[in-house]
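Protein chains: 2
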Amino acid sequence: MQPFFAQRFAKVEPSFIREILKVAMNPDVISFAGGLPNPAFFPHEQLAVASTKVLQNHSNGALQYAATEGFAPLRQYIADRYFKQYGMQVSPDNILITNGSQQALDLLGKVLVNEGDNLIIEEPGYLGAIQALSVYQPNFQGVALNDDGLDLAELDTLLAEPNHARMLYGVTNFQNPTGLSYSLENRQAVAERLIKHDVLMIEDNPYGELRFEGEHLPPIAKLAPDNVVLLGSFSKVVVPSFRLGWMLMPDWLCQKVTIAKQASDLHTNGFVQQVLHSYLQENDLDEHIERIRTVYGRQKVAMENALLKYCPGIEFTRPEGGMFLWLKLPQHINAMELFDVAIKENVAFVPGQPFYVRPDILNTARLSYAGADEATIEEGIKRLGRVISQVL
Amino acid sequence: MQPFFAQRFAKVEPSFIREILKVAMNPDVISFAGGLPNPAFFPHEQLAVASTKVLQNHSNGALQYAATEGFAPLRQYIADRYFKQYGMQVSPDNILITNGSQQALDLLGKVLVNEGDNLIIEEPGYLGAIQALSVYQPNFQGVALNDDGLDLAELDTLLAEPNHARMLYGVTNFQNPTGLSYSLENRQAVAERLIKHDVLMIEDNPYGELRFEGEHLPPIAKLAPDNVVLLGSFSKVVVPSFRLGWMLMPDWLCQKVTIAKQASDLHTNGFVQQVLHSYLQENDLDEHIERIRTVYGRQKVAMENALLKYCPGIEFTRPEGGMFLWLKLPQHINAMELFDVAIKENVAFVPGQPFYVRPDILNTARLSYAGADEATIEEGIKRLGRVISQVL
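Protein chains in written order, with full-length UniProt numbering: chain A, 1 to 392; chain B, 1 to 392.
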């Protein structure tokens, strides 16, 4: 038959990063391109124990259809953890379990975004958010992400417009792709502006637990609770394949987002919610995270040292946590072209251009230090240094 | 802050059925209202074995991020089963694993439906489809569902319009809510019209395996493969909480739907895909389904007999499979009002009105026979008979 597509999908093309990741899968390639957690930390044995325990109980409803909002004890666990970590008093009623936090972005697009609405996003920004929200066809407005957070002057200029955005998207801790974080002062300044201008922030926080330097800072959701949807995820701290994320929402959003969730897929897998909850009861999550943090922190230092050694003069961010680090190459280097050379030298990264909604910045690149050990990182950055010298 | 919503969600309200199901959860109530599979058939032990096996293997990627399209061996299993059951030659490349088949409806709405597009749906129709597709604001056009399938005269009238629908939604086997099926002749007639008028059908088939009378009929997807997306699900035959459904798509749809899936939630839970696949390797699915069929078939007969005995003169459908049966009450009975009386007599059903896109038919009701044993069904229908006599 004659194909047809909705207008919102007529021009959509496969993600560039998908293609890059395919190329980078060649086993000869040292890849800093992926965004995958290190599988050495996946708790296979503990999850096997938890699975068996959940399945031995035939009256816990673990295999039946389940509540759209999520498994109540897991929502309670998340609420308790916010109190323990940040002194935030939140009700589990305001927490919805999503199919990974990616789904939260889709639900928020569904419920909140009209075609053509202005939507502010930090730049460079998380590609998954750009993809999920693009489906609802907002007009993205980039605000530069600086070393200490959002560029407040740029933000103020946008918010001074009469028809300014009602929504703002940002990753406040160890951002993907840059590794940058919002300082306490920047969080406070952003919170003030959200309240003053009646703007809702999607505060995405998949990496916040993975801090290996400095101190935990309060989410903006603590500073302006009615103006923030805070997203969280177990993917980076326990297990990605379970697809368990959540959103902490202000009261006014709960009902419509729950309806959107029901329309989208009824509910998130109830079995793995119970398995994860059982795992969290029987194991010390903080100890587990500490092990991940220690290794990622060491690997980050190895990457920084290798960059200083093999890529002299190249600027890069110094993340205090998370999985990514951001290179700023000399102005005249196009990272897309650099990628083609690099892949021949068996090293891969992600060129930065797709992370911009104003796609004229070509000399940046994202590197992940999460998936490779220190010796591999050194060798990979050595290759990268050779490639950069070649191109210069 | 001042709440705001996208236009598509401004008027959305919680589903009526959700409210009904809450009332029906009182343990004194015999509920025929739910649509839940009978949990007695959930294979707890076998899934525990499969989970342990999957988790013992540390190199199968079961806990890592996974492919958007789904676990390749599971897609192959589904393709093989289509060949075995219907002689359909399908490629696993055309199968995408979804988070329950509900998600397939959302993905198809995203990729295909513009606001105001005509979209034909059988009437009464599956509420979950109406909810999922409503998000994309089509103009629903009802076509009556008769005892042998879609009303072809009504369908032809709609397809004769110059700006006719490009999409048609239907459940061809043991439909939710009526239990009705499309005959072979009706399937052929629908297939012809899809091809002639360049229409895409969403053929939803969650219950097809649960046939306890008559012979399996080929899906319309076999008769017009380029014009049909066939949806399937493991929820009714193995386990609902895993949220594992799939869509079999024509080539022209695969790429955009895969992108929509990636934007929506990256991928379906990879762990449970491997667990289910391991279960399917080690157990005989046909034997398992045979046990479910036998019991549901007996329960359906019990309900039919009880209806004849306690509700004389009330018309009802005679499903050859599935979980539901449909009552047509006397013209002047409003099933919504009947529900209020019934709940006081401790019996529950779902009034039929929400299943219509033309909501002026008030005297119908959906009953599920899947969840109650024969004695409970007899007692529940006895109560229902009393309630109907009261109201008449």
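For every residue, glycine included, the Cβ atom is placed at its ideal position computed from N, Cα and C. Bear in mind that the values here come from a model prediction, so they are computed numbers and not experimental data.
According to DSSP, is Glu209(A) part of a helix, a strand, or is it coil?
Sequence index remark: in the first sequence, residue 209(A) carries index 209 (1-based). Coil, per DSSP.
Output yes or no for whether 9 Å exceeds the beta carbon distance between Phe242(B) and Leu210(B).
Counting from 1 along the second sequence, the entry for residue 242(B) is found at position 242. Counting from 1 along the second sequence, the entry for residue 210(B) is found at position 210. For Phe242(B) and Leu210(B), no; Cβs fall outside 9 Å.
Which residue comes first and which comes last in the beta strand (DSSP E) that contains Leu119(A)?
To locate residue 119(A), count along the first sequence from 1; it is residue 119. Leu119(A) -> beta strand (DSSP E) spans 118 to 123.
Looking at the structure shown, is Arg366(A) part of a helix, part of a strand, or coil, going by DSSP?
Mapped onto the first sequence, residue 366(A) falls at position 366. Three-state DSSP puts Arg366(A) in a strand.
What does DSSP give as the partner residue(s) for Met167(B) in the beta ladder?
Position 167 of the second sequence, counting from 1, holds the residue named residue 167(B). Answer is Leu119(B), Leu200(B), bridged to Met167(B).
Counting contacts by CB-CB distance shorter than 9 Å, is Ile195(B) in contact with chain A?
Reading the second sequence from its first residue, position 195 is the one you call residue 195(B). Chain A, which has a Cβ nearer than 9 Å to the Cβ of Ile195(B), makes this yes.
Test: His216(B) CB closer than 9 Å to a CB of chain A:
Residue mapping note: residue 216(B) aligns to position 216 of the second sequence, counting from 1. Closer than 9 Å: no.
From the beta carbon of Met1(A), is the nearest beta carbon of chain B less than 9 Å away?
On the first sequence, residue 1(A) is found 1 positions in, with the first residue counted as 1. Output row for Met1(A): interface = yes.
Does His288(B) get closer than 9 Å to chain A when you measure Cβ to Cβ?
Stepping through the second sequence from its first residue, residue 288(B) is reached at position 288. Not an interface residue.
With distance defined between alpha-carbon atoms, name the residue in Tyr126(A), Phe16(A), Leu119(A) nearest to Tyr136(A).
Translated into the one-based positions of the first sequence, residue 136(A) becomes position 136. It is Leu119(A).
Roughly how many angstroms lie between the CA atoms of Pro250(B) and Tyr369(A), to the nearest whole one?
Taking the first residue of the second sequence as 1, we reach residue 250(B) at position 250. Taking the first residue of the first sequence as 1, we reach residue 369(A) at position 369. Straight-line Cα distance between these residues: approximately 40 Å.
State the Cα-Cα distance for the pair Gln102(B) and Asp204(B), rounded to the nearest angstrom.
Taking the first residue of the second sequence as 1, we reach residue 102(B) at position 102. Taking the first residue of the second sequence as 1, we reach residue 204(B) at position 204. Taking the straight line joining both Cα atoms gives about 10 Å.
When the Cβ atoms of the region 293 to 301 of chain B are set against those of the region 41 to 52 of chain A, are three or more pairs found closer than 8 Å?
no
Please check the pair Val347(A) and Gly380(A), which I expect to be a contact at CB under 8 Å, by giving their CB distance rounded to whole angstroms.
Here residue 347(A) is taken as the residue at index 347 of the first sequence, counted from 1. Here residue 380(A) is taken as the residue at index 380 of the first sequence, counted from 1. Rounded, the Cβ-Cβ distance is 5 Å, consistent with contact.
Taking 9 Å as the cut-off, decide whether the C-beta atoms of residue 401(B) and Asn269(A) are in contact.
Since the displayed chain B opens at 1 and closes at 392, residue 401(B) lies outside it and no answer follows.
Could you confirm whether any beta carbon from chain B is found closer than 9 Å to the beta carbon of Ser15(A)?
The sequence position of residue 15(A) within the first sequence is 15, counting from 1. Judged by the 9 Å Cβ criterion, Ser15(A) is in contact with chain B.
I'd like the list of long-range same chain contacts for Pro138(A), defined as Cβ closer than 6 Å, with 5 residues on each side in sequence excluded.
In the first sequence, residue 138(A) corresponds to position 138, counting from 1. Excluding residues within five positions, the ones whose Cβ falls inside 6 Å are Val113, Asp117, Leu119.
Sequence-distant residues of its chain with Cβ nearer than 8 Å to Arg383(B) (five each side left out):
Working through the second sequence from its first residue, we reach residue 383(B) at position 383. So the list reads Ile30, Ala342, Glu345, Asn346, Val347, once near-sequence residues are dropped.
Count Cβ pairs between the region 221 to 235 of chain B and the region 71 to 82 of chain A that sit closer than 8 Å; are there 3 or more?
no
Give me the Cα-Cα distance between Leu152(A) and Val190(A), rounded to the nearest whole angstrom.
One-based indexing of the first sequence puts residue 152(A) at position 152. One-based indexing of the first sequence puts residue 190(A) at position 190. Answer to the nearest angstrom: the Cα atoms are 8 Å apart.
Chain A contact residues for Trp252(B), given Cβ-Cβ distances below 8 Å
Start at 1 with the first residue of the second sequence, and residue 252(B) comes out as number 252. Going along chain A in sequence order, the residues near Trp252(B) (Cβ under 8 Å) are Met1, Pro3.
Using only the alpha-carbon positions, how far apart do Ser233(B) and Gly70(A) sit?
Locating residue 233(B) in the second sequence gives position 233, counting from the first residue. Locating residue 70(A) in the first sequence gives position 70, counting from the first residue. For Ser233(B) and Gly70(A), the distance between alpha carbons rounds to 21 Å.
Cut-off 7 Å between Cβ atoms - residues of its own chain near Arg386(A), not counting five sequence neighbours on either side:
As a working note, residue 386(A) is residue 386 in the first sequence. Correct list, in chain order: Glu345.
Whole-angstrom Cβ separation of Ala144(A) and Glu154(A), contact assumed at under 8 Å?
Here residue 144(A) refers to the residue found at position 144 of the first sequence. Here residue 154(A) refers to the residue found at position 154 of the first sequence. Indeed they touch by this definition, with Cβ atoms about 6 Å apart.
Taking C-beta pairs closer than 8 Å, name the residues in chain B that His44(A) reaches, listed in chain order.
Reading the first sequence from its first residue, position 44 is the one you call residue 44(A). Those are Leu55, Gln56, His58, Leu63, listed as they occur along chain B.
Looking only at its chain, what residues have a beta carbon closer than 7 Å to the beta carbon of Ala132(B), apart from the 5 residues adjacent to it on each side?
The residue labelled residue 132(B) in the question sits at position 132 within the second sequence. Only Gln102, Leu105, Asp106, Gly109 meet the Cβ criterion.
Three or more C-beta pairs below 8 Å linking the region 120 to 131 of chain B and the region 277 to 286 of chain B
no
So who's on the other strand from Gln348(B), going by DSSP bridges?
Within the second sequence, numbered from 1, the residue matching residue 348(B) stands at position 348. The amino acid at residue 348(B) is misidentified as Gln; the sequence shows Ala. For Ala348(B), which the question treats as bridged, DSSP gives the partners Ser31(B).
Tell me where the alpha helix (DSSP H) around Asn94(B) begins and ends.
One-based indexing of the second sequence puts residue 94(B) at position 94. No alpha helix (DSSP H) contains Asn94(B), which DSSP labels as neither H nor E.
Using the beta-carbon count (16 or more within 10 Å), is Phe83(B) buried or exposed?
Within the second sequence, numbered from 1, the residue matching residue 83(B) stands at position 83. Counting Cβ neighbours within 10 Å, Phe83(B) comes out exposed, since fewer than 16 surround it.
Determine the closest residue to Leu21(B) out of Leu36(B), Cys311(B), Lys11(B), Gln64(B), with distance taken between C-alpha atoms.
Along the second sequence, read from residue 1 onward, the residue named residue 21(B) stands at position 21. Checking every option, the nearest Cα to that of Leu21(B) belongs to Leu36(B).
For Met249(B), name the three-state secondary structure that DSSP assigns.
Here residue 249(B) refers to the residue found at position 249 of the second sequence. Coil.
Environment of Ser181(A) [buried if 16+ CB atoms lie within 10 Å]
As a first step, residue 181(A) is located in the first sequence; it is residue number 181 there, counting from the start. Buried.
Could you give the uninterrupted runs of the beta strand (DSSP E) lying entirely in the region 126 to 198 of chain A, keeping only those of 3 residues or more?
139 to 146, 167 to 171
Thr52(B) touches chain A at which residues, Cβ-Cβ below 8 Å?
The sequence position of residue 52(B) within the second sequence is 52, counting from 1. Near Thr52(B) (Cβ distances below 8 Å), the residues of chain A are Ala48, Ser51, Thr52.
For chain B, is any of its Cβ atoms less than 9 Å away from the one on Gln255(A)?
Here residue 255(A) refers to the residue found at position 255 of the first sequence. It does; some Cβ of chain B falls within 9 Å.
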